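Colleague:
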Amino acid sequence: MRQFDDAGQALQRTTGLNPNALDAYLMQAHLALGRSDLDEAQRLSQLASKVEPDHPELLAIDGMVALHRGDADQALKLLAAAVQALPADPRVLYALGFAYLRKDILAFAEQAFRRVLELNPALTSLHGLVVQLALRQGNTAAALEALQQALRLPELDTPGMHRLGGELALRDGQPLQAREQLLPLLHSLPGDRQVLQLPLMCWQRLGREDEARAEFDGVLAAHPQLHDVWLARLALETVGSPGSVDVVERWLAAMPEHLPALEARLRLHDMAGEAAQAEALAQRIVAVQPDRISGQVRLVDALLTRDPAAAIAHVDALIAAAPEAARFDLRTWKGEVFDRAGQPDEAVRTWLALHADQAPQRLPLPPQAKAPPSWPPLGEVDAGEGATSAPIFLWGAPGSGVERVAATLSGASPVFRSDRFGATPPDDAFQNYHTLQDLASGTLTPERLLQRWREQMPARGLDGDTIIDWLLWWDNALLWALRPQLPQGRLLVVLRDPRDMLLDWIAYGVAAPLAVTSLSEITEWLARGLTQIANLQDEDLYPLALIRIDEVGNDPQAMAELLSRLFGRALPPAQHLGPPRLPAGHWHQYQQALAALFAKLTPVAVRLGYPEA
1 MRQFDDAGQA LQRTTGLNPN ALDAYLMQAH LALGRSDLDE AQRLSQLASK VEPDHPELLA
61 IDGMVALHRG DADQALKLLA AAVQALPADP RVLYALGFAY LRKDILAFAE QAFRRVLELN
121 PALTSLHGLV VQLALRQGNT AAALEALQQA LRLPELDTPG MHRLGGELAL RDGQPLQARE
181 QLLPLLHSLP GDRQVLQLPL MCWQRLGRED EARAEFDGVL AAHPQLHDVW LARLALETVG
241 SPGSVDVVER WLAAMPEHLP ALEARLRLHD MAGEAAQAEA LAQRIVAVQP DRISGQVRLV
301 DALLTRDPAA AIAHVDALIA AAPEAARFDL RTWKGEVFDR AGQPDEAVRT WLALHADQAP
361 QRLPLPPQAK APPSWPPLGE VDAGEGATSA PIFLWGAPGS GVERVAATLS GASPVFRSDR
421 FGATPPDDAF QNYHTLQDLA SGTLTPERLL QRWREQMPAR GLDGDTIIDW LLWWDNALLW
481 ALRPQLPQGR LLVVLRDPRD MLLDWIAYGV AAPLAVTSLS EITEWLARGL TQIANLQDED
541 LYPLALIRID EVGNDPQAMA ELLSRLFGRA LPPAQHLGPP RLPAGHWHQY QQALAALFAK
601 LTPVAVRLGY PEA
């Protein structure tokens, strides 16, 4: 900075002696830009323009000032003109590249930065940016070529760049080239998880699993305590095979008290039907860490087969010893243990006690409106609007498993939003319990409801109203606004057998923090809500799709396939859908314990296509 100050003072003396010293003005302006003094750079540019108004560097300086001030359009206009006159000036090309980048014109930005590197190959910071720009355009081959150029510079010949090179070669369908770049890293950086995963993918694509086994065994001989290397080595064996048993036995020999290794061996014993050995492993696990849930669950499973009362007592002891923060999950599990022990009344009693403890901190059930004698007409979908506006609302009543659908959509669609369930929900009518009353009284008009909803989109990271909006609640009274004002919308309702939904709600609660104070109250509320959905379907009140997930269970692939059929394109499966829940049809186990409640739900269950019994 001292050098900049000294240079600036010298240049000021020059312009003071000779007010027409154009080069000094230009240099001072560049120095001002370097220290982010935009007003001074603009002032000096204006002074220089009095000396030579058509000098191309003035365009460049003004363009850089506009770029720094966030005016990408003006910056692009000025810098594009400047580069016509100064095609070999790396400063102008550099600024032009960032102007294109601000406008998201990636191909031209990449071209400008490549030209800068031709003029100044040692500008190391740009090489990575060129690689990223090529990748953002889906041009893996160009990204790989740019990376190979970068690796010729000693300062960029780093493990991280070689790892990226291997990843790009894999993406470009060149596993052999990727292997050559990654294999040295496997031995020099064996603790890097990505370094382990990438060569593993190379060997699998090349069909060289034996070579992979040998290489990983070599790494393990030198580093027997590396958890991730053992996992990578285990991935080369078929689950439950003798090879997998051998690897896990070696892992345990190297790390005898390592919990993941103990858990892996426990699972293999269970897969082989070796119950006694699995229980012994569970004892070893809890000896290392008494509150390790994997070991405790397996011990309780064993007790359930011999002595259900002892299993319940074991869980009670765990609850008593656990810190307060861990007791909620343990008490939920206790209800599951009663369920598995064939004691549904005790299971319900256990879960209801949990709800009672939480009720003071929970929300009341959302209000519900009565169906009107008629609905406003469904609006016409404008052809142009229909092409640019495609809003989808997602909702599922408590117990529907809507959160499992949301888990898949969150990883499959950039327009999916679950922020209504987070710390900063949108401030609109779909989030407000008073909306139904306000619509009925006229305090809130349908137009204002949708206007306010759209106004929230920028804060939710969206440019328009093409969104999959996971709603906190639904009521058909919203159709007073949606039918006339948003006819191009669509409602997705996640559904299971209503009696399974009630049981799931009792056992596990819901994503929205709703209070359960009376089983009769929540059953009647659920029946009314699902009756609205049945009416919505039967009367064709609004574009609707019912997503029945009864048979999906907790299978991410099955969920992805179901949603792919719905959306008409392949969706990737989620990594997981959350913890397992009670299976479809499990409500039959509670026919006596919850008979009166199920009777209230049976009529709407039948309307929605489920059997009466």
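The sequence shown runs 1 to 613 under UniProt numbering.
All C-beta atoms, glycine included, are put in the ideal place defined by N, C-alpha and C.
Only a predicted model underlies this, so the values are computations on that prediction, with no experimental measurement involved.
1) Whether or not the segment 473-482 and the segment 431-442 are in contact is what I'm after, with contact meaning three or more pairs of Cβ atoms, one per stretch, closer than 8 Å; do they touch?
2) Do residue 530 and residue 604 come within 7 Å of each other at the CB atom, strictly closer than that value?
3) Go through its chain and collect everything with a Cβ distance to residue 573's Cβ below 6 Å, but skip five positions before and after it.
4) May I have the straight-line CA-CA distance separating residue 111 from residue 88, to the nearest angstrom?
5) Taking residue 498 as the reference, which of 517, 441, 591, 602 has the closest Cα?
6) Rounded to whole angstroms, what's the CA-CA distance from residue 100 to residue 389? Just pull it up for me.
7) Return the Cβ separation of residue 299 and residue 279 in integer angstroms, given the expectation that the two are a contact with Cβ distance under 8 Å.
8) Check residue 395 in the structure and name its three-state DSSP category.
9) Around the Cβ of residue 361, are there at least 16 other Cβ atoms within 10 angstroms (buried) or fewer (exposed)?
10) Just to confirm my understanding: we take residue 412, look at its own chain, exclude 5 residues before and 5 after, and list those with CB closer than 7 Å. What are they?
11) Pick helix, strand or coil for residue 616, following the three-state DSSP scheme.
12) To the nearest angstrom, how far is it from the Cα of residue 118 to the Cα of residue 420?
13) Within its chain, find whatever has a CB closer than 8 Å to the CB of residue 240; leave out the 5 residues flanking it on each side and keep chain order.
14) Please report the distance separating the alpha-carbon of residue 155 from that of residue 161.
15) What are the partner residues of residue 469, as DSSP defines its beta bridges?
16) Can you name, in chain order, every residue of its own chain whose Cβ lies under 7 Å from the Cβ of residue 143, other than the five neighbours on each side?
17) From the DSSP output, which residues share a beta bridge with residue 494?
18) Which runs of the alpha helix (DSSP H) fall wholly inside the segment 286-321 and span at least 4 residues, in chain order?
19) Hey, could you find the ends of the alpha helix (DSSP H) residue 334 is sitting in?
20) Under the three-state reduction of DSSP, which class applies to residue 601: helix, strand or coil?
21) Are the C-beta of residue 232 and some C-beta of chain B separated by less than 7 Å?
22) Residue 375: which of 539, 350, 246 sits nearest, CA to CA?
23) Within the present structure, is the beta-carbon of residue 262 separated from the nearest heavy atom of the ligand GDP by less than 6 Å?
24) Taking the continuous alpha helix (DSSP H) assigned at residue 264, which residues delimit it?
25) Starting from residue 514, follow its DSSP beta bridges and name the residues at the other end.
26) So, under 8 Å CB-CB, residue 515 and residue 359 are touching, yes? Tell me the CB distance rounded to an integer number of Å.
Modeller: Short version:
1) yes
2) yes
3) 556, 557, 560
4) 13 Å
5) 602
6) 28 Å
7) 7 Å
8) strand
9) exposed
10) 571, 572
11) For residue 616 there is no data in the structure shown, the boundaries of the chain being 1 and 613.
12) 49 Å
13) 268, 271, 272
14) 10 Å
15) 393, 417
16) 131, 134, 135, 168
17) 396, 547
18) 293-306, 308-321
19) 324-340
20) helix
21) Structure shown: chain B not included; a single protein chain is present.
22) 539
23) Because no ligand of any kind appears in the structure shown, any question about the ligand GDP cannot be addressed here.
24) 259-271
25) 363
26) 4 Å
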